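Taken in order, the sequence shown gives residues -42 to -1, 1 to 214; the numbers are from mature numbering (1 follows the signal peptide of the UniProt record, and there is no 0).
From the three backbone atoms N, C-alpha and C, an ideal C-beta is built for every residue, glycine too.
Note that the coordinates shown come from a computational prediction; the quantities given were computed from them, not determined experimentally.
For reference, the structure is listed below as structure tokens.
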Amino acid sequence: MPHWRRNLCPSSCHLKESIMKRMSFATAAILGMLAAASPALAEGGKLPRIISLTGHGEVRSAPDLAYVTSGVVSQGATAAEALAANTQAMNDLFAALKSSGIEDRDIQTSNFSVQPRYDFQNGQAPKLMGYDVTNNVTVTLRKIEGLGPLLDKLVQNGSNQISGISFDVAKPQDAMDEARKLATADATRKAKVYAAAMGIELGPVMQVSEGSAAQPPMPMVRGAMMKADMAAAAPVPVAAGEQTIAVDVNVIWEIK
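Following this line, the structure appears as structure tokens:
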């Protein structure tokens, strides 16, 4: 006669057993990932002691590029009237740029807008007074010694808005490399100071990474709407100054 044994373990026992198995698998997986991520630890050794420092390097370089944003704001009773006046003025401006030796590749339209102009009176509905058309171009000047004469010529040929002048270095690679050397030397100097202060000895370099250093703002001249009588003003004095090219380098050493 078969003998039946009654299962005395409630369903909660099976649930507990299942959870324990899952936790065991999860623990094994985590240990496996830690071993893969830390070869030194997986081999039975200790994690290497390290020291990490950031070095900063700066090089100043004379700019050889200038950017000028200039244009014309025209007004008219209708949008078509304002646009016609603006188109004529911009054609004169383009001709002036070409006669100054500016190539087509160095002239780029940077803003164009047509906007209604209203007169606002207290307590009354705004009254349409006409339209404003704005057309701006950004010019790249590759011989910055000609910047002052170019500004004069722009104003003399219809430009009534210069919204910005900025400077740059056309080929900054050499200056960047010099800044990298200075940043690396700065990080090494700091590491040696800390090592001496703590009585430790620097080992081999384990990692080098370059960060983006905050660049000082480029020298810039801001302008606004100009009147026609500025055409007879004295030549515009412009100073390009120098550009600061900066690099940050993070270096990690092993401690012996």
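Buried versus exposed, by CB contacts within 10 Å (16 or more), G15: buried
Span of the alpha helix (DSSP H), counted from its first residue to its last, around S57: 37 to 57
Residues near V205 in its chain [Cβ-Cβ closer than 7 Å; skip 5 each side]: G15, M134, A137, R138, A141, E168, A171
Alpha carbon of D77 to alpha carbon of L86, nearest angstrom: 6 Å
Boundaries of the alpha helix (DSSP H) in which V113 is found, first to last residue: 105 to 114
Extent of the continuous beta strand (DSSP E) to which E61 belongs: Run containing E61: none; DSSP gives neither H nor E here.
As assigned by DSSP and simplified to three states, the class of V194: coil
CA-to-CA distance, L51 to S68, given in whole angstroms: 15 Å
Rounded straight-line distance, which links the Cα of V194 to that of D110: 7 Å
Span of the alpha helix (DSSP H) around A145: 131 to 156
Euclidean distance between Cα positions of S19 and I102: 14 Å
Residues bridged to K85 [DSSP beta-bridge criterion]: D77
Selection from G81, V196, G59, D132 that minimises the alpha carbon distance to G122: V196
Nearest-angstrom beta carbon gap, Q201 and V95 [assumed within contact, 8 Å]: Not confirmed; about 24 Å, so no contact.
A(-6) versus K4: straight-line alpha-carbon distance, rounded: The predicted model places A(-6) with a pLDDT of 44, which falls under 50 and marks its position as unreliable; any figure quoted below should be read in that light. Roughly 13 Å between the two C-alpha positions.
Rounded separation between G158 and P6 - CA only: What sits at residue 158 in the sequence shown is Ile, not Gly. If you take the alpha carbons of I158 and P6, they lie about 14 Å apart.
N-terminal and C-terminal residue of the beta strand (DSSP E) that A204 is part of: 201 to 213
Same chain only: Cβ atoms within 6 Å of M48, ignoring 5 sequence neighbours per side: V30, N93
Extent of the continuous beta strand (DSSP E) to which A128 belongs: Looking at the DSSP string, A128 is not in any beta strand (DSSP E), and its letter there is neither H nor E.
Among L55, K214, I60, S32, the one whose alpha carbon lies nearest that of L160: K214
Own chain partners of Q165 with C-beta closer than 7 Å, once the 5 adjacent residues on each side are dropped: I210
Buried/exposed call for G59, threshold 16 Cβ in 10 Å: exposed
Distance CB(L41)-CB(V97) smaller than 8 Å: no
C-alpha gap between L105 and L112, whole angstroms: 11 Å
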